[in-house]
Amino acid sequence: MGSVAVQETLNPFEIAQAQFNTAAEHLKLEAWLRDVLRRPKRQLIVSIPTKMDNGTIRVFEGYRVQHSLARGPAKGGIRYHPNVTLDEVKALASWMTWKCATVNIPYGGGKGGVVCNPKEMSQRELEGMTRRYASEISIIIGPERDIPAPDVYTNAQTMAWIMDTYSMTVGSTQLGVVTGKPLQIGGSQGRNEATARGVLFVTREACVEKKIPIKGARVAVQGFGNAGSIAARLLSEDGATILAVSDSGGGITNPRGLDIRAVLAHKEKTGMLRGYPEAEPISNEKLLELECDVLVPAALENQITQENAPRIRAKIVAEAANGPTTPAADEILHKKGVFLIPDILANAGGVTVSYFEWVQSLQSFFWEEAQVNQHLEKVMTRAFREVLAIAKKFDVHMRTAAYILAVGRVAEATRIRGIYP
Ligand code: NAD
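For reference, each letter of the sequence shown is one residue, going -14 to 406 in our numbering.
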């Protein structure tokens, strides 16, 4: 064994601050702006008493954090997971600020979370908890203030409950209070696939940069939910070979390529990936280390760290998940020549189509899917090229380049607006 490096922090908020600091240095940002932008503007902690099916009442803890409102209302998903912490939500909220600025849509950043295990809760319990959480955070959310969306283990149904609860509170239907809604109540065509489609658009661009034909490119995807499963399907429709996919129960691999539609049908039927007949099992750890052209982390934070980064053999890493790579791992991958498309760029397709959905909801005028996808492609490829140009100009990796672009935009907005009073 070689010498052991200094233990790196896995606290997502400390990581987010370190990423911000790097960009602030490059931009030579004024001290006061660093102080303002480093911390969230507003943090709300709520208790959520919920009637459980067995007649007891359980109190869950929930959060809603607004990091910056300088460029527009806060925007960001809501996560239900047993490991949610306030620091994680603060990190995710700040990443939303930088993400919206990277793709230049007029939002600030926010995020919410509830500490719970939705896999162990009935639909009725989830509805009760969601409605009470929505009611508790209704004092800071709203179509012009802060607009939630789905994240890990929340979905269109969750958004429908929040929209309905908020609408009941204010006395009229408010389509613009959440995005990622079902189509029947103001959702947008293409929103369900948007995060993955955005990953596809930037992966295509990265493949051009790295001179890897997407047709036949070998891809591994960690996480098989909204972001991961649809990214696997879209990439395979583009001609890529999907070598392996995984979910929280472990992964499956087939060096000749997986039939993603058949895998989706298997997961739909059995609730898990394991047991799919045309593949061998593979652990989440081993999947990350497969030799491949494109690795798509699409699960949770801190998957690629200084410990396993030396063993990553992908040529391109496209971060569908938020925060899957630590700063120390970033440096290791960069030195190895791995081309990493950072989360705040790679997965910005979700919030971009959320923005389109919000615009449609506020106008009650709805677009066709082709129009949504066309606008999304324009936003994602423009952002990719802007970030790449900065990476070349400053001689930095793509994450720092994206932060330089984003922090610069938010700093400029904050400077122009000035400090109140
Ligand atoms: P999801 O709930 O639809 O799916 C999560 C997936 O991750 C599931 O397949 C689950 O089994 C898997 N998973 C959980 N723990 C895992 C583990 N330890 N190892 C491997 N897999 C594990 O969630 P999602 O919306 O697809 O979100 C996934 C990631 O993408 C998150 O980081 C989220 O913040 C990010 N993201 C999502 C969106 C969106 O629009 N849904 C947008 C931007 C970013």
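Glycine included, C-beta positions come from ideal geometry on N, C-alpha and C. Note that this is a predicted model, so its numbers are computed, not measured.
Say whether chain C places a C-beta atom closer than 9 Å to the C-beta of valine 206. No chain C appears in the structure shown, which is made up of a single protein chain.
Would the C-beta of aspartate 72 count as close to ligand 1, meaning under 8 Å from any of its heavy atoms? no
Taking the alpha carbon of isoleucine 124 as the point to measure from, which residue in Ile389, Val248 and Arg27 has its own alpha carbon closest? Arg27
Inter-residue spacing [alpha-carbon to alpha-carbon] between valine 50 and lysine 75: 6 Å
Using the rule of at least 16 other Cβ atoms within 10 Å of the residue's Cβ for burial, across every protein chain shown, is threonine 41 buried or exposed? exposed
Using the C-alpha atoms, what's the distance from serine 107 back to threonine 115? 12 Å
Report the rounded CA-to-CA distance for tyrosine 405 versus proline 91, giving the unit in angstroms. 20 Å
What residue from Asn332, Gln207 and Gln4 has the CA that sits closest to leucine 272's CA? Gln207
Just verifying my parser: in three-state terms, what is the DSSP assignment at leucine -5? coil
Cα-Cα separation, glycine 161 to tryptophan 343: 5 Å
Enumerate in chain order the residues of its own chain whose CB-to-CB distance from glycine -13 is below 6 Å, with the five nearest sequence positions on each side excluded. For glycine -13, the predicted structure reports a pLDDT of 44, less than 50, and the residue's modelled location is therefore unreliable. A value from the coordinates is still provided. Hits under 6 Å: none found.
Give me whichever residues DSSP pairs with alanine 205 in a beta bridge. Ala229 and Leu280
Counting pairs of beta carbons, one from the segment 315 to 325 and one from the segment 372 to 379, are three or more of them closer than 8 Å? no
Measuring alpha carbon to alpha carbon, tell me which residue in Met37, Ala216 and Gln288 is nearest proline 309. Gln288
Taking C-alpha atoms, which residue in Ser339, Ala333 and Ala294 lies nearest to phenylalanine 495? Because the chain here runs from -14 to 406, residue 495 falls outside it and cannot be looked at.
Just to confirm the assignment, what range does the alpha helix (DSSP H) spanning arginine 455 have? With the chain covering only -14 through 406, there is no way to say anything about residue 455.
In whole angstroms, what is the alpha-carbon distance linking valine 100 and isoleucine 33? 10 Å
Glycine -13 by DSSP, collapsed to three states: which one? Note that glycine -13 scores a pLDDT of 44, beneath 50, so its modelled location is shaky; the value from the coordinates is reported in the next line. Glycine -13: coil per DSSP, three-state reduction.
Distance, Cα to Cα, tyrosine 388 vs alanine 55? 16 Å
Beta carbon of glutamate 286 nearer than 9 Å to that of alanine 303: no
With hydrogens ignored, establish whether the beta-carbon of glutamate 105 is closer than 8 Å to any heavy atom of ligand 2. This structure simply doesn't include ligand 2; it includes ligand 1 instead.
Quick one: what's got a C-beta closer than 8 Å to glutamate 194's C-beta in the same chain, skipping five residues either side? Phe324 and Leu373
Rounded to whole angstroms, what's the CA-CA distance from isoleucine 215 to glutamate 190? Just pull it up for me. 18 Å
Using only CA atoms, which one of Asp136, Lys36, Thr82 and Arg64 lies nearest to glutamine 2? Thr82
Other residues of its chain near glutamate 397: CB distance less than 7 Å, five sequence neighbours each side excluded: none
Where the beta strand (DSSP E) containing lysine 200 begins and where it ends: Careful: lysine 200 lies outside any beta strand (DSSP E) and carries neither H nor E.
Given a threshold of 16 other Cβ atoms within 10 Å of its Cβ, counted over all protein chains shown, does proline -3 qualify as buried or as exposed? buried
How about isoleucine 297 and lysine 321: are their beta carbons less than 9 Å apart? yes
Give the DSSP bridge partners of tyrosine 48, in chain order. Ile30 and Gly98
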